[in-house]
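Position in the sequence shown (from 1) plus 9 gives the number in this note's numbering.
A virtual CB, placed ideally from N, CA and C, is assigned to each residue, including glycine.
Here is the structure we will look at.
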Amino acid sequence: MYENLIWNTDGPVALIQLNRPSKNNALNTALRVELASAAAQIRNNPRLRAVIITGGEEIFCAGADIGEVQEATSSESTYKHVRTFQDLFNQIESLPQPVIAAVSGYALGGGFELAMVCDFLIASETAKFGLPEVKIGSVPGGGGTQRLPRRVGAAKAKEMIFTGDPINAEDALALGLVLKVVPKEKLLEEAGSFAAKLAALPRLALEASKRLINRGVEMDLTSALELEARSSAALATSHDVREGTLAFLQKRKPNFTGE
10 MYENLIWNTD GPVALIQLNR PSKNNALNTA LRVELASAAA QIRNNPRLRA VIITGGEEIF
70 CAGADIGEVQ EATSSESTYK HVRTFQDLFN QIESLPQPVI AAVSGYALGG GFELAMVCDF
130 LIASETAKFG LPEVKIGSVP GGGGTQRLPR RVGAAKAKEM IFTGDPINAE DALALGLVLK
190 VVPKEKLLEE AGSFAAKLAA LPRLALEASK RLINRGVEMD LTSALELEAR SSAALATSHD
250 VREGTLAFLQ KRKPNFTGE
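Structure (structure tokens):
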């Protein structure tokens, strides 16, 4: 079904692997279309409770396909090209399921931007992250100039974007970009274990929590607190809240159904 990515499931966990090794997993049009299709199918499948996105052992994703960048010869065509990246990354960021990026090797340009829209980033010891667009006379266009400063602060983001120099996994961990750094051979095992833990939690509560955090950080506190209260109220009549409360009182393990 897919030519540029491998997608399979392990129970409630979906695994998406970028698969253009001859092009360093560069995000050409075909791969972006396939990623969007996979994301749409995952979004509409409540049985899938967590997602892992990964690449190769040496290169997670080298970013945009430079051949396509060269083909964008006008301001309007460049604008449209950049917006396709932003739309794809927004689609992945807004998935109701928690998404884990499992990164080994280089995550550059659009590859780094893809990793940043995931909820969690687990890196191998060989991982490197960077936005090198300045070195071809351009700027990050898939959200890098906006998401990176929100993650690490303006000063560090400016250093990375202005110089184009990558950082290693330990530096990314220190900056809070990365949740955990593990040996390369343990990367998918660690990501899978964490995904399984998330998948076992009550679905509606996870979806609401993700939505509240993603939307709330862009809102004023008063509006965000109102949104939180409304979300709590909406969950109050769900089976999972009733079951969770009753199980707590009865000192037993709850049976969450996602309803």
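1) Indicate whether residue 110 and residue 204 have their beta-carbon atoms separated by less than 7 Å.
2) Would residue 77 pass as a contact of residue 37 if the rule is Cβ separation under 7 Å?
3) Pair every Cβ in the segment 206 to 217 with every Cβ in the segment 160 to 171, then say whether three or more of these pairs are closer than 8 Å.
4) In its own chain, which residues sit with a C-beta less than 6 Å from the C-beta of residue 11, not counting the 5 before and 5 after it?
5) Less than 7 Å between the C-beta atoms of residue 135 and residue 193, yes or no?
6) Would you decide whether residue 54 is buried or exposed? Buried here means 16 or more other CB atoms lie within 10 Å of its CB.
7) Please work out which residues of its chain come closer than 8 Å, Cβ to Cβ, to residue 13, disregarding the five sequence neighbours upstream and downstream, and give them in chain order.
8) Could you spell out the range, first to last residue, of the alpha helix (DSSP H) harbouring residue 209?
9) Just the C-alpha distance for residue 250 and residue 51, rounded to the nearest angstrom, thanks.
10) Beta carbon of residue 101, beta carbon of residue 188: below 7 Å?
11) Nearest to residue 267 by alpha carbon, out of 248, 148, 258?
12) Under three-state DSSP, which class holds residue 197?
13) Alpha carbon to alpha carbon, how far is residue 129 from residue 115? Give it in angstroms, no decimals.
14) Could you pull out every unbroken alpha helix (DSSP H) segment of at least 4 residues lying fully inside the segment 55 to 82, listed in chain order?
15) What are the partner residues of residue 189, as DSSP defines its beta bridges?
16) Taking the alpha carbon of residue 182 as the reference point, which residue from 197, 149, 137 has its own alpha carbon closest?
17) Please identify the residue among 150, 253, 186 whose C-alpha is closest to the C-alpha of residue 89.
18) Check whether the Cβ atoms of residue 72 and residue 119 lie closer than 7 Å to each other.
19) Are the beta-carbon atoms belonging to residue 217 and residue 240 less than 7 Å from one another?
20) Looking only at its own chain, which residues have a Cβ that is under 7 Å from the Cβ of residue 48, when we skip the five neighbours before and after it?
21) How big is the Cα-Cα spacing for residue 156 and residue 258?
22) How is the beta strand (DSSP E) around residue 137 delimited, first residue to last?
Considering the structure as presented:
1) Walking along the sequence shown from the start, residue 110 turns up at place 101. Walking along the sequence shown from the start, residue 204 turns up at place 195. Their beta carbons are not under 7 Å apart, which means residue 110 does not touch residue 204 by this criterion.
2) Taking the sequence shown and counting its residues from 1, the one referred to as residue 77 is at position 68. Taking the sequence shown and counting its residues from 1, the one referred to as residue 37 is at position 28. The answer is yes: Cβ separation under 7 Å.
3) no
4) Here residue 11 refers to the residue found at position 2 of the sequence shown. Hits under 6 Å: 43.
5) As a working note, residue 135 is residue 126 in the sequence shown. As a working note, residue 193 is residue 184 in the sequence shown. Contact: yes.
6) Mapped onto the sequence shown, residue 54 falls at position 45. Around the beta carbon of residue 54, fewer than 16 other beta carbons sit within 10 angstroms, so the residue counts as exposed.
7) For the purposes of this step, residue 13 is taken as residue 4 along the sequence shown, with counting starting at 1. Cβ neighbours of residue 13 beyond the five flanking positions: 27, 28, 29, 37, 39, 40, 43.
8) The residue you call residue 209 lines up with position 200 of the sequence shown. Note, residue 209: premise wrong, no alpha helix (DSSP H); not H, not E.
9) By one-based count along the sequence shown, residue 250 stands at place 241. By one-based count along the sequence shown, residue 51 stands at place 42. The alpha-carbon atoms of residue 250 and residue 51 are separated by roughly 24 Å.
10) As a working note, residue 101 is residue 92 in the sequence shown. As a working note, residue 188 is residue 179 in the sequence shown. Contact: no.
11) Taking the sequence shown and counting its residues from 1, one reaches residue 267 at position 258. The shortest Cα separation from residue 267 among 248, 148, 258 belongs to 248.
12) Here residue 197 corresponds to residue number 188 of the sequence shown, with the count starting at 1. Residue 197 falls in the helix class under three-state DSSP.
13) On the sequence shown, position 106 is the one that residue 115 refers to. On the sequence shown, position 120 is the one that residue 129 refers to. For residue 115 and residue 129, the distance between alpha carbons rounds to 17 Å.
14) Taking only runs of at least 4 residues, the alpha helix (DSSP H) segments lying wholly in the segment 55 to 82 are 75 to 80.
15) Here residue 189 refers to the residue found at position 180 when the sequence shown is read from its first residue. Looking at the DSSP assignment, residue 189 forms a beta bridge with 131.
16) Indexing the sequence shown from 1 puts residue 182 at position 173. Of 197, 149, 137, the residue nearest in Cα terms is 137.
17) Taking the first residue of the sequence shown as 1, we reach residue 89 at position 80. It is 150.
18) Residue numbering aside, residue 72 sits at position 63 when the sequence shown is read from its first letter. Residue numbering aside, residue 119 sits at position 110 when the sequence shown is read from its first letter. Yes, the Cβ-Cβ distance between residue 72 and residue 119 is below 7 Å.
19) Here residue 217 is taken as the residue at index 208 of the sequence shown, counted from 1. Here residue 240 is taken as the residue at index 231 of the sequence shown, counted from 1. Yes; because the gap between Cβ atoms is below 7 Å, this pair is in contact.
20) What you label residue 48 is simply residue 39 of the sequence shown in a count that begins at 1. Around residue 48: 100, 101, 104.
21) Translated into positions along the sequence shown, residue 156 becomes position 147. Translated into positions along the sequence shown, residue 258 becomes position 249. Each residue's alpha carbon lies about 42 Å from the other.
22) For the purposes of this step, residue 137 is identified with residue 128 of the sequence shown, where counting begins at 1. In the DSSP assignment, residue 137 falls within the beta strand (DSSP E) that extends over 137 to 139.
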